[in-house]
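S.K.:
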Amino acid sequence: LAANPYDPLHMFVVIALSQNTDFHRNVVKWCRALWRISPDPLEASTKAWTVGRSYQLTRLVSLTECAARATRGPPRDVRRRLLSCKGIGPKTADAFLLFAMAVPEAAPIDKHFTRMCSRLGLWGGASPPSKPLCVRYDCESCPRNNKCFRYLAFKGLGSLAGWVQTAFYVHDRE
């Protein structure tokens, strides 16, 4: 996996921009433009509006500022603090854990993961994590954990969960 625990805010910017868009067509282009503005992710995010008009860019400064306050400490605490930020859901929080903190059992559950699980007959009846439940409970104590893809992937795949999610993403896109 391509993880970078040495530049967590740079990784956060990439992750935040990748919400609901084509990574290779949009996110790479936006990040190149942002890093030309400033190598500092907080400073670059304040000028993201000059790069384009997508909602990912227009809300980047508020997300990055919130993430800057949330991304220190143990992964469980970081995840909960990220989830308290408006606009950050379980997928984004888990992507941060996986790619910026190198937590291999944190699988960002996205449409590619759920589609591949369906194709392979894995964890039938499960659904993606629910932000209100993730904010309130840890996975182990969540009343819905036996129907949540994140918890089931964590329990069933352990430290391979993040790798499997990445493989599912690549396979589903291709």
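Heads up: the sequence shown begins at 159 in my numbering, then just goes up one per residue.
All residues carry an ideal CB built from backbone N, CA and C; glycine is no exception.
Between L310 and W281, what straight-line distance do the alpha-carbon atoms span, to the nearest angstrom?
M.R.: If I take the Cα positions, the gap works out to 7 Å.
S.K.: Across which residues does DSSP place S285 in a beta bridge pair?
M.R.: DSSP, once it has assigned bridges, lists C306 as partnering S285.
S.K.: Tell whether a beta-carbon distance below 8 Å holds between R308 and P248.
M.R.: Yes.
S.K.: If you scan the segment 179-267 from start to end, which runs of the alpha helix (DSSP H) of 4 or more residues do you find wholly inside it?
M.R.: Whole alpha helix (DSSP H) segments, 4+ residues: 186-195, 199-204, 213-216, 218-228, 233-241 and 248-258.
S.K.: Can you check which of these residues, R183, L167 and K269, is closest to E201 by C-alpha distance?
M.R.: Minimum Cα distance to E201 is reached at L167.
S.K.: Between which two residues does the alpha helix (DSSP H) harbouring Y335 extend?
M.R.: With the chain covering only 159 through 332, there is no way to say anything about residue 335.
S.K.: Going by the CB atoms, is the gap between G320 and A264 shorter than 8 Å?
M.R.: Yes; because the gap between Cβ atoms is below 8 Å, this pair is in contact.
S.K.: Considering just the uninterrupted stretch of the alpha helix (DSSP H) at P166, what are its terminal residues?
M.R.: Taken as a continuous stretch (DSSP letters only), the alpha helix (DSSP H) holding P166 covers P166 to L175.
S.K.: For A225 and C243, I'd like the C-alpha separation in whole angstroms.
M.R.: Near 8 Å, if we compare the C-alpha coordinates of C243 and A225.
S.K.: What did DSSP end up calling G279 once you bin it into helix, strand or coil?
M.R.: Reduced to three states, the DSSP call for G279 is coil.
S.K.: Would you decide whether D252 is buried or exposed? Buried here means 16 or more other CB atoms lie within 10 Å of its CB.
M.R.: By the 10 Å Cβ count, D252 comes out buried.
S.K.: I'd like to know whether the C-beta atoms of A403 and T250 end up nearer to each other than 8 Å.
M.R.: This structure cannot settle anything about residue 403, because the visible part of the chain is limited to 159 through 332.
S.K.: Hey, A161 and L256 are a contact pair by Cβ (cut 8 Å); roughly how many whole angstroms apart?
M.R.: Indeed, because the Cβ distance is near 7 Å, the residues count as touching under 8 Å.
S.K.: For V293, collect the residues of the same chain with a Cβ closer than 8 Å to its Cβ; drop the 5 residues on either side in sequence, then sort them by chain order.
M.R.: Result list for V293: R238, L241 and S242, in chain order.
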